[in-house]
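Residue numbers (the working numbering): 3 to 329. Each remark here refers to the structure printed beneath this line.
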Ligand SMILES: Nc1nc2c(ncn2[C@@H]2O[C@H](COP(=O)(O)OP(=O)(O)OP(=O)(O)O)[C@@H](O)[C@H]2O)c(=O)[nH]1
Ligand SMILES: [Mg+2]
Ligand SMILES: [Zn+2]
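See the structure below:
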C-alpha cells in the first residue's frame with residue numbers, strides 16, 4: 003500500500019520496532035510507514051552465538067518488493083545493545099534491544115519482590131555495553147503504612163543506587179505518582195524497560211502514554227509472580243512535543259538475567275562506585291576480595307560503597323569464575 007510513495011527495489015533505511023518469528027516490522031521514520039520485512043535468505047550472522055540476528059532498535063537497510071513487503075539486506079552497526087543468555091544453560095545469547103539511550107530497570111519491593119542481585123546484574127550489563135541506566139521503583143501505592151517497613155526499604159534502595167551514581171524514580175503506574183517526572187527525564191530518548199514479569203512495565207508505558215492501552219497482566223496472588231503478559235519486545239514511537247519522538251521499548255518479563263561475556267577481573271569496572279576508587283588499590287590486579295590495602299574494601303568499611311552492592315559483586319564474581327553461569 004506504500005508502493006505509491008516508495009520505489010520498488012529502492013534501498014531504504016528503517017528502524018526495527020517489532021520482531022515476530024521471521025518477520026520484522028520496520029518503521030520508516032520520515033513517513034511513519036511500517037513495512038513487514040524478512041531477512042535476506044543468505045544473510046550471514048555475525049558469529050553463530052546469537053539467537054536473533056535482528057533485534058528491536060536495529061537500523062536496517064531493506065528493499066521494497068512488489069507485494070509491499072521488504073527484504074532486509076543489512077543490519078547497521080549497533081551503537082550499543084543489551085544482551086542476555088537465551089536460556090539458563092544455553093551458550094547462545096539473545097539481544098533484547100539495541101541503540102538505546104536509557105535502560106530503565108523496573109523493580110518492585112513486593113508483588114513481586116525484585117532482589118538487588120537481579121538489579122545489579124542488569125546494571126552491570128548496561129555499564130559493560132555502554133547503555134546509561136536508571137532504576138524505577140514501581141507500585142509505591144502498595145507500600146502501606148510506615149510501620150509496614152516498605153517505605154524504609156524503599157529509602158534504603160534509593161540511597162544505595164543513588165550512592166552508586168544511578169538516578170532512581172519512585173512511581174506508581176496505577177495511581178500516577180512520579181510518572182510526570184519520569185516522562186520529563188526520558189523525553190526524546192530511546193528507552194528500554196526491563197525487569198521481572200509483573201513489575202508493571204506495560205502498565206508504566208500506559209501511564210506514560212495515555213491511550214496506548216497495552217495489555218497488562220493479573221498478578222497471580224498465590225505466588226506474587228507475574229504471568230508473562232508481554233510476549234515480545236516492541237518499540238512504541240511517541241510524539242512528545244518539543245522533545246520530539248520518544249521511543250519506548252516494552253519487553254517481556256525476565257525471570258533471571260544471565261550475563262554474557264564477562265571476565266571476573268573486569269567486573270569492578272562495571273560498578274561505577276568501585277571504578278572511582280579502584281586505582282587506589284595497592285595491587286593493580288586487585289580482585290577486591292581478600293587483598294590487603296584494597297581501596298574498594300576500605301570504601302565498603304567506611305560506608306562509602308554499599309555493602310549490599312559489594313556482596314552482589316562478590317556473588318557475580320564467583321559465578322563468572324565458576325564457568326560463567328551467571329544465574
Ligand atoms: N498497585 C499497583 N499495581 C500495579 C502498578 N503497576 C502495575 N500494576 C499491576 O501489576 C500487574 C502487572 O502489570 P504489567 O504491566 O502487566 O507487568 P509487566 O511488567 O508488563 O509484566 P510482563 O508483561 O509479564 O513482563 C497488573 O495487574 C498491573 O495492574 C502500580 O503502580 N500499582
Ligand atoms: Mg508487560
Ligand atoms: Zn581492591
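Each residue gets a CB set at the ideal place from its N, CA and C atoms; glycine is no exception.
C-alpha distance - residue 293 paired with residue 287, whole-angstrom precision:
10 angstroms
When DSSP labels each residue in this structure, what does residue 140 get in the three-state scheme?
coil
So, residue 63 versus residue 78, is the Cβ gap smaller than 8 angstroms?
yes
Compare the beta carbon distance of residue 12 and residue 91 with 8 angstroms and say whether it is the shorter of the two.
no
Where does the unbroken beta strand (DSSP E) through residue 13 begin, and where does it stop?
13-22
For a minimum of 3 consecutive residues, which ranges assigned as the beta strand (DSSP E) are wholly contained in the stretch 101-176?
104-109, 135-139 and 169-172
DSSP three-state call for residue 45: helix, strand or coil?
Correct three-state label for residue 45: coil.
Is residue 70 buried or exposed, if buried means 16 or more other CB atoms sit within 10 Å of its CB?
Its Cβ having fewer than 16 others within 10 Å, residue 70 is exposed.
Any beta strand (DSSP E) of 3 or more consecutive residues that is wholly inside the stretch 217-256:
236-241 and 247-252
As assigned by DSSP and simplified to three states, the class of residue 207:
helix
Is the stretch 154-174 touching the stretch 305-323 in the sense that three or more CB pairs, one from each, lie closer than 8 angstroms?
yes
Could you tell me the alpha carbon to alpha carbon distance between residue 128 and residue 55, rounded to whole angstroms?
20 angstroms
From residue 126 to residue 258, what distance separates their C-alpha atoms?
The C-alpha of residue 258 is placed about 14 angstroms away from the C-alpha of residue 126.
Using CA coordinates, which residue listed in 100, 23 and 84 is at the minimum distance from residue 363?
Coverage of the chain is limited to positions 3 through 329, which leaves residue 363 absent and any answer about it impossible.
Just reading off the alpha helix (DSSP H) that residue 275 is part of, what are its end residues?
274-277
Within 10 angstroms of the Cβ of residue 149, are there 16 or more other Cβ atoms? Answer buried if so, exposed if not.
exposed
Going by DSSP, which residues form a beta bridge with residue 87?
95
What separation, rounded to the nearest whole angstrom, lies between the Cα atoms of residue 141 and residue 21?
29 angstroms
Reduced DSSP category for residue 318 - H, G, I as helix; E, B as strand; rest coil:
helix
Inter-stretch contact (C-beta, 8 angstroms, three-pair minimum) for the stretch 204-212 and the stretch 180-190
yes
I'd like to confirm something about residue 252: is its beta-carbon nearer than 7 angstroms to some heavy atom of ligand 2, or not?
yes
Three-state secondary structure (DSSP) of residue 68:
coil
Rounded to whole angstroms, what is the Cα-Cα separation between residue 38 and residue 193?
In a straight line, the C-alpha of residue 38 is about 23 angstroms away from that of residue 193.
Does the beta-carbon distance from residue 175 to residue 202 come in below 8 angstroms?
yes
Exercise answer, beta-carbon shell around ligand 3 heavy atoms below 5 angstroms:
Every residue whose beta carbon comes nearer than 5 angstroms to a heavy atom of ligand 3 appears here in chain order: 283, 288, 290, 296 and 298.
Suppose contacts are defined by Cβ-Cβ distances below 8 angstroms. Is residue 61 in contact with residue 98 by that definition?
no
Residue 10 (DSSP reduced to helix, strand or coil)
coil
On a CA-only basis, which of 86, 84, 271 and 45 is nearest residue 75? Give me that one, please.
45
Kindly identify the DSSP beta-bridge partner or partners of residue 179.
In the DSSP output, where bridge partners are listed per residue, residue 179 has none listed.
At a threshold of 7 angstroms, does residue 93 count as lining ligand 1 (C-beta to nearest heavy atom)?
no
For residue 10 and residue 68, the rounded distance between their alpha carbons
Between residue 68 and residue 10, the C-alpha separation is close to 6 angstroms.
On the criterion of 16 or more Cβ atoms from any shown chain inside 10 Å, does residue 197 qualify as buried, or is it exposed?
buried
Buried versus exposed call for residue 114 [16 or more other C-beta atoms within 10 Å across all chains shown]:
buried
Less than 8 angstroms between C-beta atoms, sequence neighbours within five positions excluded: which residues of the same chain meet that for residue 224?
Legend: pLDDT at residue 224 = 44, less than 50; position of this residue unreliable, no value from coordinates given.
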